[in-house]
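The next block holds one structure in the form of structure tokens; read it before the comments.
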Amino acid sequence: MKITIADIARKAGVSKATVSRVLNNRPEGVGPETRQRIQDIVRETGFQPNSLARCLATGKSASVGVIIPDIVNPYYSLLVRGAEDTLKKAGYSLFLCNSDHNIVKEKEYVTVLIEKGVDGIILDSAESDCDCQLELLDDENIPYVLVDRIIEGPAKYPGVYVDNRQGGRLAASYLLSKPGSSLLFINGPLDYSQSRDRQNGVEDIVRENGLAESSVRIVYGDFSIESGYRLTKDLLSNHHPASFGSFPFTAIFTANDLMAVGALRALKKAGISVPEQVEIIGFDDIELATLVDPPLSTVSQPAFEMGARSAGMLCQMMAGRRPRTKTITLETNLIFRGTTRCKESGKNCFSVPGH
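Residues in the sequence shown are numbered from 3 upward in steps of one, following this note's numbering.
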């Protein structure tokens, strides 16, 4: 026999309205003991509320859309996990959409999520100019939070980010700290705010320390392992004298860990010793960074926390509350492992000018 809200109310000795408030995470006016009693009965009876009926009654779907640009990249998986954990605790289910770095696909997903009646959206946009999607959400009165990528525009959109410029400074300050150092920076596309900020951080260190511009060469990949491998291999092929075991830079910094893994593979195939001849630092600190040989030194950014904080901000907005702060910027940290001569993150391997 199917358990109903009326059955729960009778067992708990309360009204159906009280049970409904507890089930819908709106326990205003319900004492903690009563709330706990209702939750215990729900658990004991295995009661499953009708989601459609709840949606019709409350005008809410208890669902959130999350749009990311690359479902294959482990960094985004960690970000989504952080959002999912927070949303689940708040009673929301999650629709995950992968835009494949395609702004047209992203726009289509925004429309689909609106049609599905989601209560809010977390957006890691494929481009820095996505005003039309945000205007559409504003027109539909659907709250949203941006994550990871800063969107340019006159308005300051709600968002959770990391200090990418600081991350670029950390890597460049270490890799260029020794006399005669030279750096190959494999960046991502410049239409990403993260790429621009990380490059600005590298250029800060060059300028502040009076280094020659020729001490850093910047090339652009697409955040994939293949592009890191290809760009490093191309430099090896074009290097004069092109001899086995020779590389024209003392260090490589990449704008994400996947490109660093590709660069490491190219160097090893060319007989170049890492870190003895060339040091490498990536960016993100995904799990793969600890699994390659040698383990990858990297600029760590808190992807899980970014997802969790963006979901927390969105939950406040969906509840009709104004977030205490409209944007949150989290710090990065440099993690030393096997691809740098310095192996201990707690060791004072360098000092960062301006920090």
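All C-beta atoms in this analysis are idealised placements derived from N, C-alpha and C, irrespective of residue type, glycine included.
Bear in mind the structure is a predicted one, so any value in this text is a computation, not a measurement.
Note to self: At the level of alpha carbons, what is the spacing between PRO297 and THR341?
What the structure shows: One C-alpha to the other measures close to 6 Å.
Check: Is ALA64 closer than 7 Å to TYR94 when the C-beta atoms are compared?
Finding: yes
Check: Roughly how far, in whole angstroms, is the beta-carbon of ARG200 from the beta-carbon of GLY161, given that I think they are within contact range, below 8 Å?
Finding: So it is not a contact: roughly 18 Å between Cβ atoms.
Note to self: Below 8 Å, how does it come out for the segment 178-198 and the segment 249-264: are there three or more Cβ pairs, yes or no?
What the structure shows: Contact holds: three or more Cβ-Cβ distances are below 8 Å.
Note to self: Please classify VAL263 as buried or exposed, where buried requires at least 16 other C-beta atoms within 10 Å of its C-beta.
What the structure shows: buried
Checklist line | Alpha carbon of PRO250 to alpha carbon of LEU332, nearest angstrom | finding: PRO250 and LEU332 have their C-alpha atoms roughly 35 Å apart.
Notebook entry, point to check: Cβ of ILE227 within 7 Å of Cβ of LEU260?
Noted result: yes
Next item on the list: Determine the extent of the alpha helix (DSSP H) in which LEU89 is found, giving its start and end residues.
Entry: 76-91 is the extent of the alpha helix (DSSP H) around LEU89.
Next item on the list: Give me the Cβ distance between LEU89 and ALA313, rounded to the nearest whole Å; I'm assuming they're in contact under 8 Å.
Entry: 5 Å
Next item on the list: Excluding the 5 residues preceding and the 5 following MET319 in the sequence, name in chain order all residues of the same chain whose CB lies nearer than 6 Å to its CB.
Entry: PRO145
Notebook entry, point to check: What number of angstroms, rounded off, separates the C-alpha of LYS109 from the C-alpha of PHE49?
Noted result: Between LYS109 and PHE49, the alpha-carbon positions lie close to 38 Å from each other.
Checklist line | LYS62 beta carbon less than 7 Å from that of ASP121 | finding: Taking 7 Å as the Cβ cut-off, ASP121 and LYS62 qualify as a contacting pair.
Next item on the list: Could you please give me the residues that DSSP links to ASN335 through a beta bridge?
Entry: SER302
Note to self: On the DSSP letters alone, give me the boundaries of the beta strand (DSSP E) that ARG219 sits inside.
What the structure shows: Here the beta strand (DSSP E) through ARG219 covers 218-222.
Margin query: Would SER387 and ILE153 be called neighbours here (beta carbons separated by less than 7 Å)?
Written below: The requested residue 387 is not part of the displayed model; the chain covers only 3 to 357.
Margin query: The beta strand (DSSP E) that contains TYR163, what's its start and end?
Written below: 161-164
Margin query: I need the boundaries of the alpha helix (DSSP H) containing TYR146, first residue and last residue.
Written below: Note, TYR146: premise wrong, no alpha helix (DSSP H); beta strand (DSSP E) at 146-149.
Notebook entry, point to check: Under 7 Å, do ALA19 and ILE43 count as touching if we go by C-beta distance?
Noted result: No. Outside cutoff.
Next item on the list: With a 10 Å radius around its C-beta and 16 neighbouring C-beta atoms as the bar for buried, classify ILE73 as buried or exposed.
Entry: exposed
Checklist line | Close beta carbons around LEU54, own chain, < 6 Å, minus the five adjacent residues each side | finding: With a pLDDT of 49 at LEU54, under the threshold of 50, the modelled position of this residue cannot be trusted, and the question is left open.
Next item on the list: Measure the CB-CB distance between ALA128 and PRO71 and report whether it falls below 7 Å.
Entry: yes
Next item on the list: Specify the secondary structure class of THR113 as computed by DSSP and reduced to three states.
Entry: It is helical.
Item checked: CB of VAL24 within 7 Å of CB of ALA11, strictly -> Not a contact, by the Cβ cut-off of 7 Å.
Next item on the list: Go ahead and label GLN303 buried or exposed: buried means 16 or more other beta carbons lie within 10 angstroms of its beta carbon, across all protein chains shown.
Entry: buried
Checklist line | Euclidean distance between Cα positions of GLY33 and VAL149 | finding: Cα to Cα, the separation comes out at about 36 Å.
Margin query: Rounded to whole angstroms, what is the Cα-Cα separation between ASP206 and GLU30?
Written below: 52 Å
Checklist line | Element boundaries [alpha helix (DSSP H), containing ILE274] | finding: Per DSSP, ILE274 belongs to no alpha helix (DSSP H) and is neither H nor E.
Check: Apart from the five residues on each side of it in sequence, which residues of its chain come closer than 8 Å, Cβ to Cβ, to LEU58?
Finding: Note on LEU58: pLDDT 48, under 50, position unreliable in the model; the coordinate value appears next. Excluding positions up to five away in sequence, the list is empty.
Next item on the list: Please report the Cβ distance between THR334 and VAL301, rounded to the nearest whole angstrom; I am assuming they are in contact, meaning their Cβ atoms lie under 8 Å.
Entry: 5 Å
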